[in-house]
Amino acid sequence: MRKQHADHNLTRDQALSLAEHHVADMPGLMIEAERVAATVDQGIHGRRRTGQGESFWQYRAFHQGDSAAQVDWRRSAKSDSLYVRESEWEASQTVWAWRDSSPSMAFRSVRGLPTKLDRATVLTLGLAILLLRSGERIGLMDGVTRAGSGKATLHRLAEALTLTPGKVAGIGADTLERGLSESLPAPLPLPPFGQVVLISDFLAPMDKLLGMMEAMADRRQKGLLWLITDPAEEALPYRGRVRFSGLEEEGMLLVRKAQSLRSEYREKRHAHYAALRDQARRLGWQWLEHRTDMPAETALLAAFQSLSHDRGGADWQARAGEHG
Numbered sequence: 001m002r003k004q005h006a007d008h009n010l011t012r013d014q015a016l017s018l019a020e021h022h023v024a025d026m027p028g029l030m031i032e033a034e035r036v037a038a039t040v041d042q043g044i045h046g047r048r049r050t051g052q053g054e055s056f057w058q059y060r061a062f063h064q065g066d067s068a069a070q071v072d073w074r075r076s077a078k079s080d081s082l083y084v085r086e087s088e089w090e091a092s093q094t095v096w097a098w099r100d101s102s103p104s105m106a107f108r109s110v111r112g113l114p115t116k117l118d119r120a121t122v123l124t125l126g127l128a129i130l131l132l133r134s135g136e137r138i139g140l141m142d143g144v145t146r147a148g149s150g151k152a153t154l155h156r157l158a159e160a161l162t163l164t165p166g167k168v169a170g171i172g173a174d175t176l177e178r179g180l181s182e183s184l185p186a187p188l189p190l191p192p193f194g195q196v197v198l199i200s201d202f203l204a205p206m207d208k209l210l211g212m213m214e215a216m217a218d219r220r221q222k223g224l225l226w227l228i229t230d231p232a233e234e235a236l237p238y239r240g241r242v243r244f245s246g247l248e249e250e251g252m253l254l255v256r257k258a259q260s261l262r263s264e265y266r267e268k269r270h271a272h273y274a275a276l277r278d279q280a281r282r283l284g285w286q287w288l289e290h291r292t293d294m295p296a297e298t299a300l301l302a303a304f305q306s307l308s309h310d311r312g313g314a315d316w317q318a319r320a321g322e323h324g
């Protein structure tokens with residue numbers, strides 16, 4: 001699907017401006033995440049560990065973000081590579097989150113709504129808060145923010161979410177526009193048996209989205225796709241003469257009767273996301289949908305419960321209970 005929106009609502013420059021505001025407003029987003037997480041926490045019984053039960057150790061390749069203290073030097077001395085030792089429990093209880101920061105995520109159809117980027121950030125931080133309170137480990141799929149389980153982990157996550165991928169990784173141009181161009185997570189060598197949570201509008205090309213999911217599944221990662229949408233993207237409420245502007249260099253499209261596109265647009269949109277849901281089903285992954293005009297608490301509760309219970313059967317398609 002092409003990332004285009006009506007230009008009287010948002011232009012590319014406005015998207016970048018909103019993204020800059022997102023960075024400046026991170027303290028406010030953190031407060032909102034704490035509030036949302038506290039509300040959800042009151043309605044659930046968080047899992048508390050009674051012991052890690054480390055029955056045996058396994059080894060994985062050292063990757064960027066690991067500390068030298070994690071390296072098993074005896075095992076590494078037997079080869080030309082560095083290896084990290086971790087227990088089976090530790091690997092299987094790690095959640096790796098990715099929040100889409102591409103320009104389309106800076107969209108909102110009306111001023112009273114949060115941008116998709118702001119809502120995705122609140123949900124990412126809120127989920128991190130709940131997981132950390134439950135004794136789980138969480139990290140970001142940015143190649144730098146390693147997984148952790150202490151209070152400092154939340155601060156690392158919040159700091160990383162305010163930076164562009166280029167700044168976090170220290171590569172490429174340190175500009176907001178370059179950082180916002182990332183519509184897919186980097187292909188990082190995550191340790192197997194983890195859980196990935198991908199929070200996005202999933203408007204990247206379908207072949208790239210499906211390929212990304214296959215690659216993660218090949219690494220024995222369990223997945224949760226968390227779709228974030230604006231209500232206007234679902235309804236396409238525009239009428240009359242409308243100029244749509246591509247947020248990621250797709251150009252302009254002038255439509256004389258915008259309402260004439262509604263039926264075909266909805267059909268293509270449904271097909272796009274249906275393909276992702278079908279792929280999730282085949283891989284045993286889960287699918288969540290959240291619209292930015294709905295309560296963040298409802299979405300966060302659904303996500304936390306999805307990660308908390310044993311996955312199987314119809315559980316792959318846990319829904320936020322927001323709309324059909």
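For the sequence shown, position 12 (counting from the first letter as 1) is numbered 12 according to the UniProt record's numbering, and the numbering increases by one without interruption. Backbone N, C-alpha and C fix where the C-beta goes; we use that ideal spot for every residue, glycine too.
The beta-carbon distance between Gly135 and Ala33, rounded to whole angstroms, is 19 Å. This is too long to meet the 8 Å contact definition.
Put simply, of Ile228, Lys222, Met216, Ser260 the residue whose alpha carbon is nearest the alpha carbon of Pro237 is Ser260.
For Pro185, the CB contacts under 6 Å within the same chain, skipping 5 residues up- and downstream, are Trp98, Met141 in chain order. Closest in C-alpha terms to Val144, from the list Ile44, Lys78, Leu131, Leu190, comes Leu190. Within the model, the alpha-carbon separation for Lys116 versus Glu159 is close to 19 Å.
Secondary structure note for Arg108: it is in no alpha helix (DSSP H), with a DSSP letter that is neither H nor E. Secondary structure at Trp96: strand, using DSSP grouped into helix, strand and coil. By the beta-carbon neighbour count (other beta carbons within 10 angstroms, threshold 16), Leu254 is exposed. Of the residues Arg266, Arg85, Leu188, the one whose Cα lies closest to the Cα of Ala215 is Leu188. Between Gln279 and Leu210, the CB-CB gap stays under 8 Å. Secondary structure of Lys257 (DSSP, three-state): coil. Shown here, Val40 sits in a helix according to DSSP, grouped into three states. Residues of the same chain with a CB within less than 6 Å of the CB of Ala37, apart from the 5 flanking positions on each side, are Gly126, Ile129, Leu130 in chain order. For Gln195, the enclosing beta strand (DSSP E) starts and ends at 195-200. Secondary structure of Thr115 (DSSP, three-state): coil. In the three-state reduction of the DSSP assignment, Trp226 falls in the strand class. In the structure shown, Tyr273 falls within a helical segment according to DSSP collapsed to helix, strand and coil. Going by C-alpha positions, Gln93 is about 6 Å away from Gly194. Of the candidates Asp118, Leu283, Gly112, Arg256, Asp118 places its Cα closest to the Cα of Met105. Put simply, of Ser102, Thr121, Lys222, Thr298 the residue whose alpha carbon is nearest the alpha carbon of Met30 is Thr121.
The Cβ-Cβ distance between Thr298 and Arg108 does not fall below 8 Å. Here Asp100 is buried, its C-beta having at least 16 other C-beta atoms within 10 Å. Counting every other CB atom within 10 Å of its CB across the protein chains shown gives Lys268 a total below 16, marking it as exposed.
If you ignore the 5 residues before and after Tyr83, its C-beta comes within less than 8 Å of the C-beta of Tyr59, Arg60, Ala61, Phe62, Val71, Asp72, Arg75, Ser76, all in its own chain and listed in chain order.
As DSSP reads the structure, Gln286 sits in a beta bridge with Leu224. Leu29 carries a helical assignment under DSSP once its states are collapsed to helix, strand and coil. Look at Ser245 here: in three-state DSSP terms it is strand. Here DSSP, grouped into helix, strand and coil, assigns Met252 to strand.
Taking the C-beta atoms as reference points, Thr124 is found no nearer than 8 Å to Ile228. A check of alpha carbon separations from Arg277 across Lys151, Gln221, Met213, Gly251 identifies Met213 as the nearest. One thing to note: Ala258 has its Cβ within 8 Å of the Cβ of Val242.
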